[in-house]
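Just so we're aligned: 382 in the working numbering is position 380 of the sequence shown, and the numbers increase by one with no gaps anywhere.
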Amino acid sequence: MNQSWGRGAFASGRGGFNPSTSRDNHENIGYGLHHGGEFNTFATGADQENIGSGLNRDGRNDGLNPFNIEANQERHEPAQGGFATNRGGTFNPFTTGANQENIGNGSNRGGLSQSNVNREGSNRGGRGASRGRPRNPVTGNPAVNANIADGRGYVPRSRQTEELFNEDQRSEALYATVVDGDEDVVVEQFGQALFCLRNWEAAEFEPQLLTNVKERAKYIRPRKIQSLTLPLALDGFDVISQAETGSGKTAAFLLSIIDSIMKAKLTTEEYRFVSELASPFAIIIAPTRELAQQIYEQATKFADKTGVSIAKAYGKYNVGPNHNEIRFGCDILIGTPGRLMQFIKSGEVRVKNLRTLVLDEADRLCDGQFLNDILDIVIIPGFPGVYERQTLFFSATFPPQALIMTDILLRPEAVFVTNHQNLPNKRIKQDFIVAGAQSKLETLADILTAEADKVGGAEKIRRTLVFVNTKQMSDMAALFLCQRGIRALSINGDRPQYLRQQALFEFRTHRISVLCATDVCARGIDVKNLDHVINMDLPRTAFQYIHRIGRTGRITQGYSTTFFAGNEPLLKEIAKMLREQNEEIPETLKAAVAAYNVFGDDDSVAAPDDQPRGFAS
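Okay, here's the thing in structure tokens:
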């Protein structure tokens with residue numbers, strides 16, 4: 003395929019690929035064909051609100067429509083939205099519109115992409131009209147408008163509590179044995195007798211919380227990180243909790259906070275807590291909106307019927323409805339740094355009752371601009387000081403700079419609960435493939451189409467998360483896979499938030515098999531039965547590698563495949579981590595690292611100075 007570069011992003015001439023022409027204030031994506039048959043895949047034109055696929059002059063729909071994802075579409079029928087193959091046989095994969103029979107196919111006389119999802123209107127450049135009335139993906143009201151597209155009208159939709167419990171119940175058999183595969187953890191900097199939680203009854207949770215955990219979520223027994231972290235957190239200690247990805251860290255801090263709130267509401271002593279308007283007991287900070295939303299959903303699940311209220315606050319959430327949600331009840335407030343700082347500074351969120359501060363993915367929050375935001379939050383007048391609050395840090399990795407920040411944000415007597423290593427989850431089988439920059443897309447498609455042929459169709463392939471290093475490439479990869487008959491979506495920081503949320507929803511519910519993502523999905527995101535992670539682009543650091551592949555292997559065996567072109571320095575760090583875990587180093591990786599003069603005659607690996615290490619003992 004000829005990929006020619008022109009004006010804008012990838013502008014092409016006749017017969018070429020034009021995947022990502024983007025302009026300021028252009029919210030949605032249109033897909034059209036010129037009469038010569040070339041792609042114009044990501045042209046986002048002014049005032050276009052929705053995404054449509056164009057028709058070429060002979061009436062065949064050869065264009066892709068991969069990002070028109072609206073909520074509430076339950077069916078995917080040929081030629082009627084969904085993953086449709088239209089006359090001419092080409093794949094039209096992403097037209098998932100709410101309650102729409104057909105998205106509509108507009109003719110592009112001059113080859114320009116037009117928006118085909120209008121309210122029963124026609125396209126200025128074509129003759130196609132949509133038969134259905136598209137609905138707001140958040141509220142269900144007719145018409146997606148510019149406010150939704152740029153985030154001004156966006157209100158997140160959350161999964162229902164029963165849906166979350168049902169998801170857990172389907173994994174009950176796995177929960178019974180997953181603890182045995184957890185990495186061992188130890189407690190450091192603690193001079194008192196330790197209490198290890200062997201069963202949930204020993205935690206002395208309030209009855210409804212115990213029911214939610216054991217009977218409804220089917221958490222059979224505490225995970226290893228939970229068994230040591232929970233007693234310390236419940237006793238009010240500051241805790242730094244570090245364990246491998248998928249080890250149950252989120253539940254460790256949520257259960258502690260919810261039980262503490264329930265007990266504080268019941269007591270008549272000085273510690274009593276009474277819910278007040280916009281005055282949280284606990285604030286939980288996450289680095290990404292997707293992770294904040296996920297923690298919010300898990301918190302609402304555990305807190306169901308307990309009388310503990312949960313609220314969220316993050317960027318692109320319409321400020322008015324966000325205020326209303328917080329005022330409705332926020333014993334626990336979960337959000338991202340920027341929005342939380344905005345609300346606390348403005349007085350919309352009051353911190354006079356704040357008793358617990360949690361940093362999830364703390365090492366990421368203690369880096370770069372996130373760190374500046376965190377420091378700005380804790381010095382806001384009235385924000386409880388280090389000795390006036392409990393502070394909890396959680397992450398799978400803790401580089402030295404994150405540990406330095408613990409001296410500022412936690413009390414000196416903070417306790418470490420750690421597995422003593424910054425290494426990948428040992429449930430993940432890691433593989434490596436040589437693929438140059440020009441062949442990555444073909445290699446990716448070949449792997450997935452070969453799997454589709456083996457399992458009896460593209461819809462049956464393993465749920466696969468593909469990581470790339472740029473927003474543009476995530477879009478290109480999704481499009482390329484769609485051309486090859488693989489259902490795929492992209493998610494990145496340039497997407498409007500409702501599209502980012504919808505992409506994750508489609509992936510969680512297996513309506514698509516593949517999600518092509520930047521690092522917005524690298525941390526914390528938990529998708530049940532996510533079997534395969536592919537690093538189409540090699541991450542920049544070993545820590546990124548650990549978190550990326552950690553999206554799989556969370557309660558069952560997971561698989562990762564990493565593409566590399568040559569002797570990238572990161573390869574020796576990955577090889578070192580495999581050796582530390584007593585894992586066999588794949589021959590492809592061994593050959594690449596040997597060329598880098600890392601292996602000796604005995605195949606030993608020297609530890610580079612910048613290799614991630616566990617905590618010093």
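All C-beta atoms, glycine included, are put in the ideal place defined by N, C-alpha and C.
So Gln244 is in the beta strand (DSSP E); what residue range does that whole segment cover?
-> As a working note, residue 244 is residue 242 in the sequence shown. Residues 241 to 244.
What number of angstroms, rounded off, separates the C-alpha of Ile222 from the C-alpha of Leu176?
-> On the sequence shown, position 220 is the one that residue 222 refers to. On the sequence shown, position 174 is the one that residue 176 refers to. Computed Cα separation, rounded: 10 Å.
Compare the beta carbon distance of Lys216 and Trp202 with 8 Å and say whether it is the shorter of the two.
-> In the sequence shown, residue 216 corresponds to position 214, counting from 1. In the sequence shown, residue 202 corresponds to position 200, counting from 1. Contact: yes.
Once you ignore the five residues that flank Lys442 on each side, which residues in its own chain have a CB closer than 7 Å to its CB?
-> Within the sequence shown, the letter at position 440 stands for residue 442. Cβ neighbours of Lys442 beyond the five flanking positions: Met538, Phe565.
Of the listed residues Leu483, Asn494, Leu359, nearest to Arg391 (C-alpha basis) = Mapped onto the sequence shown, residue 391 falls at position 389. The option with the nearest alpha carbon to Arg391 is Leu359.
CA-to-CA distance, Thr393 to Asn622, given in whole angstroms | Only positions 3 to 619 of the chain appear in the structure, and residue 622 is not among them; the question remains open.
Just curious, the alpha helix (DSSP H) that Asn168 is in, first and last residue?
-> Your numbering for residue 168 matches position 166 in the sequence shown. Where Asn168 is concerned, the enclosing alpha helix (DSSP H) stretches over 163 to 171.
Answer yes if the segment 286 to 299 comes into contact with the segment 315 to 323, meaning at least three C-beta pairs across the two stretches below 8 Å, and no otherwise.
-> yes
With burial defined as no fewer than 16 other Cβ atoms inside 10 Å of the residue's Cβ, what is the status of Asp64: buried or exposed?
-> Numbered from 1 along the sequence shown, position 62 holds the residue referred to as residue 64. Because Asp64 carries a pLDDT of 37, less than 50, the predicted location of this residue cannot be relied on, and no value is offered for it.
Residues near Pro386 in its chain [Cβ-Cβ closer than 6 Å; skip 5 each side] = Reading the sequence shown from its first residue, position 384 is the one you call residue 386. Answer for Pro386: Leu356, listed in chain order.
Taking all protein chains shown into account, do 16 or more other C-beta atoms lie within 10 angstroms of the C-beta of Asp333, making it buried, or fewer, making it exposed?
-> Residue numbering aside, residue 333 sits at position 331 when the sequence shown is read from its first letter. Under this definition Asp333 is a buried residue.
Under a Cβ-count criterion, where at least 16 other Cβ atoms within 10 Å of its own Cβ denotes burial, should Leu446 be classed as buried or exposed?
-> Translated into the one-based positions of the sequence shown, residue 446 becomes position 444. Result: buried.
Distance between Phe395 and Ser515 (C-alpha atoms, nearest Å) | Here residue 515 refers to the residue found at position 513 of the sequence shown. Here residue 395 refers to the residue found at position 393 of the sequence shown. So the two alpha carbons sit approximately 34 Å from each other.
Contact check, Val310 vs Ile557 under 8 Å by CB: the rounded distance?
-> Position 308 of the sequence shown, counting from 1, holds the residue named residue 310. Position 555 of the sequence shown, counting from 1, holds the residue named residue 557. Contact flag wrong, Cβ pair sits at about 26 Å.
Evaluate Tyr319 with the Cβ neighbour count: other Cβ atoms within 10 Å of its Cβ, from every protein chain shown; 16 or more gives buried, anything less gives exposed.
-> Here residue 319 refers to the residue found at position 317 when the sequence shown is read from its first residue. Buried, by the Cβ-count rule.
May I have the straight-line CA-CA distance separating Thr408 from Pro233, to the nearest angstrom?
-> Position 406 of the sequence shown, counting from 1, holds the residue named residue 408. Position 231 of the sequence shown, counting from 1, holds the residue named residue 233. Roughly 20 Å separates the two Cα atoms.
Assigned secondary structure, Ser476 (DSSP; H/G/I helix, E/B strand, else coil) = Here residue 476 refers to the residue found at position 474 of the sequence shown. In the structure shown, Ser476 sits in a helix (DSSP, three-state: H, G or I).
Look up Leu573 in the DSSP assignment and say whether it is helix, strand or coil.
-> Position 571 of the sequence shown, counted from the first residue, corresponds to residue 573. DSSP places Leu573 in helix when its eight states are reduced to three.
Closest by CA to Val187, which one among Gly331, Ala597, Phe255, Gln423?
-> The sequence position of residue 187 within the sequence shown is 185, counting from 1. Val187 has its Cα closest to that of Gln423, out of Gly331, Ala597, Phe255, Gln423.
Label Asn348 either buried or exposed according to how many other C-beta atoms from any shown protein chain fall within 10 Å of its C-beta, with 16 as the threshold for buried.
-> On the sequence shown, residue 348 is found 346 positions in, with the first residue counted as 1. With the sequence shown as reference, residue 348 is identified as Ser, and Asn is not the correct amino acid for it. Looking at its Cβ environment, which holds fewer than 16 other Cβ atoms inside 10 Å, Ser348 is exposed.
Alpha carbon to alpha carbon, how far is Phe283 from Leu1? Give it in angstroms, no decimals.
-> Nothing can be reported for residue 1, as the shown portion of the chain is limited to 3 through 619.
Any beta strand (DSSP E) of 3 or more consecutive residues that is wholly inside the segment 402 to 470 = 417 to 420, 430 to 436, 466 to 469
In or out: Gly337 buried (at least 16 other Cβ within 10 Å) or exposed?
-> Walking along the sequence shown from the start, residue 337 turns up at place 335. Answer is buried; the Cβ neighbour count reaches 16.
Could you give the DSSP three-state label for His549: helix, strand or coil?
-> On the sequence shown, position 547 is the one that residue 549 refers to. DSSP places His549 in helix when its eight states are reduced to three.
Backbone CA spacing between Asp369 and His512 [nearest angstrom] = Taking the first residue of the sequence shown as position 1, residue 369 is located at position 367. Taking the first residue of the sequence shown as position 1, residue 512 is located at position 510. Asp369 and His512: Cα-Cα distance of roughly 34 Å.
Where Cys518 falls, given that 16 or more other Cβ within 10 Å makes a residue buried | As a working mapping, residue 518 is identified with position 516 in the sequence shown. Counting Cβ neighbours within 10 Å, Cys518 comes out buried, since at least 16 surround it.
With distances taken between CB atoms, is the gap from Val417 to Asp240 smaller than 8 Å?
-> The residue given as residue 417 occupies position 415 in the sequence shown. The residue given as residue 240 occupies position 238 in the sequence shown. Yes; because the gap between Cβ atoms is below 8 Å, this pair is in contact.
For Asn168, does the count of other Cβ atoms within 10 angstroms reach 16, so buried, or fall short, so exposed?
-> Residue mapping note: residue 168 aligns to position 166 of the sequence shown, counting from 1. Result: exposed.
Starting from Ser348 and walking both ways along the alpha helix (DSSP H), at which residues does that stretch end?
-> Working through the sequence shown from its first residue, we reach residue 348 at position 346. 339 to 348 is the span of the alpha helix (DSSP H), which, as asked, contains Ser348.
Which whole-angstrom value is the C-beta distance of Gln503 and Arg161, which I expect to be below 8 Å?
-> Walking along the sequence shown from the start, residue 503 turns up at place 501. Walking along the sequence shown from the start, residue 161 turns up at place 159. No, Gln503 and Arg161 are not in contact; Cβ-Cβ is about 11 Å, not under 8 Å.
Would Glu589 be called buried (16 or more neighbouring beta carbons within 10 Å of its own) or exposed?
-> Position 587 of the sequence shown, counting from 1, holds the residue named residue 589. Classification for Glu589: exposed.
Does the beta-carbon of Glu586 have 16 or more other beta-carbons within 10 angstroms, so that it is buried, or is it exposed?
-> Within the sequence shown, numbered from 1, the residue matching residue 586 stands at position 584. Exposed.
Buried or exposed: which applies to Gln485, given that a residue is buried once 16 or more other Cβ atoms fall within 10 Å of its Cβ?
-> Walking along the sequence shown from the start, residue 485 turns up at place 483. Gln485 is buried by the Cβ-count criterion.
Considering only residues of the segment 218 to 306, which uninterrupted beta strand (DSSP E) runs meet the minimum length of 3 residues and lie entirely inside it, listed in chain order?
-> 241 to 244, 284 to 287
State the DSSP-derived secondary structure class of Gly560, mapped to helix, strand or coil.
-> As a position in the sequence shown, residue 560 is number 558, starting the count at 1. Of the three classes helix, strand and coil, the one that applies to Gly560 here is strand, per DSSP.
For His549, collect the residues of the same chain with a Cβ closer than 6 Å to its Cβ; drop the 5 residues on either side in sequence, then sort them by chain order.
-> As a working note, residue 549 is residue 547 in the sequence shown. So the list reads Ala524, Arg525, once near-sequence residues are dropped.
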